Amino acid sequence: MSTPTQDAAADAAAGRHRVGGPTITFGESVNTDVIIPGRYLVSIDPAELAEHAFEPLGPEVQQRLRASRIVVAGRNFGCGSAREQAATCLIGAGVQAVVAASFSRVFFRNAINTGLVAVECPDAVAALEAAGGEGDMWVDYDAGTVEVAGRTFHFAPYPQGLKDILDDGGLIPHLMRDSAPSTTEQEGAAR
Numbered sequence: 005m006s007t008p009t010q011d012a013a014a015d016a017a018a019g020r021h022r023v024g025g026p027t028i029t030f031g032e033s034v035n036t037d038v039i040i041p042g043r044y045l046v047s048i049d050p051a052e053l054a055e056h057a058f059e060p061l062g063p064e065v066q067q068r069l070r071a072s073r074i075v076v077a078g079r080n081f082g083c084g085s086a087r088e089q090a091a092t093c094l095i096g097a098g099v100q101a102v103v104a105a106s107f108s109r110v111f112f113r114n115a116i117n118t119g120l121v122a123v124e125c126p127d128a129v130a131a132l133e134a135a136g137g138e139g140d141m142w143v144d145y146d147a148g149t150v151e152v153a154g155r156t157f158h159f160a161p162y163p164q165g166l167k168d169i170l171d172d173g174g175l176i177p178h179l180m181r182d183s184a185p186s187t188t189e190q191e192g193a194a195r
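Position one of the sequence shown corresponds to residue 5 (the numbering used here), numbered consecutively onward.
Now the structure itself:
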């Protein structure tokens, strides 16, 4: 039997893998040149990049993006040139996840490596579209579920390694955590 403390810890851990809120919807084959134009690739600062996210689509789209937590898109999201800043600018804008019918594989890896949840769930994309294209969406990447329009859709849950990278805020923080000396190693070195 679990204790209240164990239950609270389990609830907190489960909540850590659940992200969501208001959505912004895009169509098919959203190119990285549209997500973040090439002239801004000299920066790696998420806040600075966020100022230019989806700039080619105009200020109204940019405002809607900043009010959204989930980007929803059709097939082949993130196609085009390989640029880590395409995921980084979304993080800087406050986006917690991208749910798409499919991704460019490079964008998918860049998203995970920068700490952005990326989920392929075409049924959830279709359900949001059928509900008018707007609304709240919730993603639980531990359980492998997307909740939208009063329905729950399933996708293959992330393997533990990807969850660890996301939990640590991306690949670099994950590698730094894994390479940091343990307390025991630090105590031994001090002797």
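Glycine included, each C-beta is placed from N, C-alpha and C at the ideal position. Computed from a prediction, not measured in an experiment: that's the story for all the values here.
For residue i, the first and last residue of its enclosing beta strand (DSSP E)
i: GLU151; result: 149-152
Bridge-paired residues (DSSP) for residue i
i: VAL23; result: VAL143
i: ARG155; result: VAL152
i: PHE107; result: PHE81
Beta-carbon proximity list for residue i, same chain, < 6 Å, skipping 5 on both sides
i: VAL102; result: VAL75, ALA122
i: ASP144; result: HIS21, ARG22
i: ASP172; result: HIS178, ARG181
Residue from the options whose Cα sits closest to the Cα of residue i
i: CYS83; options: SER33, VAL150, GLY137; result: SER33
i: PHE157; options: GLN66, SER183, ALA105, LEU69; result: ALA105
i: VAL110; options: VAL150, GLN89, VAL143; result: GLN89
i: GLY98; options: ASP37, ARG73, LYS167, PRO60; result: ARG73
i: ALA128; options: ASN117, GLY154, GLY119, SER108; result: GLY154
i: SER108; options: THR36, PRO60, GLY139; result: THR36
i: GLY174; options: THR149, VAL152, ALA160, PHE112; result: PHE112
i: GLN164; options: TYR44, GLY148, ILE176; result: GLY148
Residue i, DSSP secondary structure in three states
i: ILE176; result: helix
i: ALA130; result: helix
i: ARG87; result: coil
i: ASN80; result: coil
i: ILE28; result: strand
i: ALA101; result: strand
i: ALA115; result: helix
Alpha helix (DSSP H) segment containing residue i, residue limits
i: ALA77; result: Unbroken run through ALA77 is the beta strand (DSSP E), 74-77; no alpha helix (DSSP H).
i: GLU124; result: Not the alpha helix (DSSP H): GLU124 falls in the beta strand (DSSP E), residues 121-124.
i: ALA54; result: 50-54
i: ILE39; result: 36-39
i: GLU64; result: 63-70
i: GLY165; result: 164-171
Same chain, Cβ closer than 8 Å to residue i, neighbours up to 5 away in sequence not counted
i: ASP49; result: GLY96
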